[in-house]
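In this note's numbering, the protein residues as written are 2 to 815.
Report on one structure; see the data block that follows.
See the structure below:
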């Protein structure tokens, strides 16, 4: 008989964080049911509901356990019983088809998918069958597993360090490639050898024999869940080493549609989500470490919270409730901080339909683990949110997605009709459907289409699956598009189509001249996204006229992300240089030396400079030696060359009048944007897709706060601190005080970032030497950001912050 452990058996130790320190959504209660004894039961990272109403959990580096908990509102002990089978180290568990499916991701047991059964019918699991080896371990290997909505199959989630297993069918056209216009840079080189398709999700039968690829291009999605309509969602990871680079992508909630490619590539090669052939995320969360997810179905919660998609962030200790709304053929969502704690390294989450409560675990990386229960104790008479079903656009998308699995050509006309859709998810589904069929079946009709979206999608599809002899026809169609009349997304789609035709179909001398004639006049463009893509294309084609325009853009760009993206492209330009232009380009590295980012940031900048220097002659290197070897005196970021001195210690009352309605008319958008950079706002905050990601995204600021509130938050940042970005104060037993945000944990070590302007400003604190952790009353946002600006400059800055990044905003009307 296996031994069991209860709370009463445990020796006294620090234990998991007490829920009294949590911030919890109104009406909900959180109980700490069990603090896991690390030396006996490890650190729990995966969980499911077993057939006996108990929970089944697994230590990241050890055994499986059955966990019996008292019913909500009832007294009793939590009883933890080891499951005596030779399998563990699971990051994915599900009970289905009278079996426990275990996805192993550690060195102790073989990495892959295993099925555990009761072979003799005595009610105890005793037989382990390996269904599929999966080559990938560690924290980016195979992860979660779940039941498919059809009730006949399973779905498995694999991170980007998992080699693509043998697949029997694929909803993703199997023509993936890196599709990069210019060579990437690698920084620290993490996963340097891992190429497309990256992390992936597969549908499998219960025997694990038939594998269908559903979607690819994830970085490291840990878990996924289906909504009641059978739509799949996941929470994908970022690369924290890439913070404050242009290729950093915030952690994000993704709607995993059929055949999706989410564009992960290693190093600096990650596709931006505005690439037309990349599936965009649905909700950007920000820096974090995604772990378990679930929908709230079956919980005794108000309907709004039953319908929510719950996403666990391990590093920042946040459980998000993402509220979804239909949006054409996909969804849009709003992320609510449902539960936050410090530390709260969330690992997995389930709803137990037997007691209608939600359970989550904390742990991982040998940190202190615990099991918690969430129940609703508020007013149940509150009106419930209405349930939402599939929109007509979603139903149409599903019709189009039938072409992803069927070779029947009957639906090709429907796909052709939807290539020109204004709904990105519909035209993507249509294009993927065409790519699954022989081009001879549809290319003639596709090439007859003349609307802008259809031309772009046709060019992308045929660049990927068509014959190279079509290149001239595709370029004729693309060249006929009126660039100035196109929408912003169409401009980006058009440039991406040009990229793919070039990359996939060749860039000989004939096409080079044709591209330069078309694209050279477009630079500089109105948006950084266009400028990025034009820079890549013109550098690849070695435009003789691009150098002065690109260097001017580099010097004028307001964010370090825009600058680094341009500098990365310029490093490979060999044509069109003058001595003065080269001097200006290499002087930019003096400014870049003061910029701050993740662990790979400095290495990325060094790589850009090194490759640029390699293109110089020996003589030119000597002539530029003073510039190349210069070391800046100041380490403070400078986004402009203009020195700033104190104008006034502004108060809210001093400036309140300038933000009254109507007082910010006819302001200067470009000046406001530049001032946003000079105030170092872009170093931490994203605005209209530009800037850092350490602080909150400010794009929709004006939709949530009044102008006076915004002004007050800048001048008095500590008056009201967002829960999501609130710092903590860690007090140690030797009298040390550390103020910052917890960003990582490992064993008993807690890593605290103490400077939002520098993601690498980390202080480590040993958990065993903590006296307490309390919320800090001091914001990590510095004070006095406006004190070096004049009143007129502050007007431009405030108008920009209220503009939502739109130059056409009425405040900029002349």
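Where a beta carbon is used, it is the ideal one built from N, C-alpha and C, also for glycine.
All values reported here derive from a predicted model rather than from experimental measurement.
inquiry  = So, does the stretch 557-567 touch the stretch 199-207, judging by three or more C-beta pairs under 8 Å?
reply    = no
> Is it right to say residue 293 is buried, meaning 16 or more other beta carbons lie within 10 angstroms of its own, or is it exposed?
Replying inline: buried
**Asked** For residue 478, which residues of its own chain have a beta-carbon under 6 Å away from its beta-carbon, when the five flanking residues on both sides are left out?
**Response** 456
Query raised in the report: How many Å lie between residue 169 and residue 102 at the Cα?
Result: 21 Å
Return the first residue and the last residue of the alpha helix (DSSP H) that residue 714 is part of.
-> 708-716
Exercise. Run the CB neighbour count on residue 246, radius 10 Å, all protein chains shown included, and call it buried at 16 or more, exposed below.
Key: buried
Where DSSP assigns a beta bridge to residue 227, which residues make up the other side? 233
* C-alpha distance - residue 663 paired with residue 672, whole-angstrom precision -> 19 Å
Point to revise | Which residues DSSP lists as bridging residue 146, in chain order | key: 157
- Query: Could you give the distance in angstroms between the alpha-carbon of residue 48 and the alpha-carbon of residue 198?
  - Reply: 28 Å
| request: Check whether the stretch 175-183 touches the stretch 226-233, counting contact only when three or more Cβ pairs, one atom from each stretch, lie closer than 8 Å. | output: no
* Asked: Going by C-alpha distance, which of 516, 769, 164, 678 is nearest residue 799?
  -> 678
- Enumerate, from N- to C-terminal direction, the unbroken alpha helix (DSSP H) stretches of 4 or more residues contained entirely within the stretch 430-492. 444-449, 453-466, 472-480
Between residue 610 and residue 547, what straight-line distance do the alpha-carbon atoms span, to the nearest angstrom?
-> 19 Å
Query - Neighbour-count burial assignment, residue 156, 16 or more Cβ in a 10 Å radius - result: buried
**Asked** So the alpha helix (DSSP H) residue 609 belongs to, where does it begin and stop?
**Response** 602-615
Quiz item: Of the residues 788, 398, 499, 190, which one's Cα is nearest the Cα of residue 648?
Solution: 788
Exercise. Provide the residue span of the beta strand (DSSP E) that contains residue 202, from first to last.
Key: 200-205
How far does the beta strand (DSSP E) with residue 283 in it extend, from its first residue to its last?
Here residue 283 belongs to no beta strand (DSSP E), and DSSP marks it neither H nor E.
Check: Nearest CA to the CA of residue 707: which residue from 777, 802, 774, 628?
Finding: 802
Between the Cα of residue 469 and those of 509, 132, 792, 615, spot the shortest distance and give me the residue it belongs to.
509
Handout entry: Opening and closing residue of the alpha helix (DSSP H) in which residue 591 lies
Key = 580-593
Reference residue 165, options 713, 212, 526, closest by Cα:
212
Same chain only: Cβ atoms within 6 Å of residue 513, ignoring 5 sequence neighbours per side = 542
Status (buried if at least 16 other CB within 10 Å, exposed otherwise) for residue 754 | buried
So, at 7 Å on beta carbons, what are the nonlocal neighbours of residue 243 in its own chain, with the 5 sequence-adjacent residues on each side left out? 249, 599, 601
field: C-beta contact flag for residue 118 and residue 100 at 8 Å
entry: yes
Please tell me whether, using a cut-off of 7 Å, the distance from the CB of residue 653 to the nearest non-hydrogen atom of the ligand GTP is below it.
Questions concerning the ligand GTP fall outside what the structure shown contains, since it holds no ligand whatsoever.
Check your understanding: Going straight from the alpha carbon of residue 804 to that of residue 67, what length do you get?
Key -> 54 Å
Exercise for review: Report yes if the C-beta distance between residue 159 and residue 138 is below 8 Å; otherwise report no.
Suggested key: no
Exercise. Using a Cβ-Cβ cut-off of 8 Å (strictly less than) and excluding sequence neighbours within five positions of residue 31, which residues of its own chain qualify?
Worked result: 20, 23, 25, 340, 373, 374, 375
Exercise. In the stretch 79-108, which residue ranges form an unbroken alpha helix (DSSP H) of at least 4 residues, counting only runs that do not cross its ends?
Worked result: none
task: Return the first residue and the last residue of the alpha helix (DSSP H) that residue 540 is part of.
output: 529-541
Review point. Do you know whose CA, among 89, 171, 152, 121, lies nearest residue 131's CA?
Key: 89
**Item:** Three-pair Cβ contact test at 8 Å for the stretch 347-362 versus the stretch 419-436
**Value:** no
Applying the criterion that 16 or more other CB atoms from any shown protein chain within 10 Å of the CB defines a buried residue, is residue 217 buried or exposed? buried
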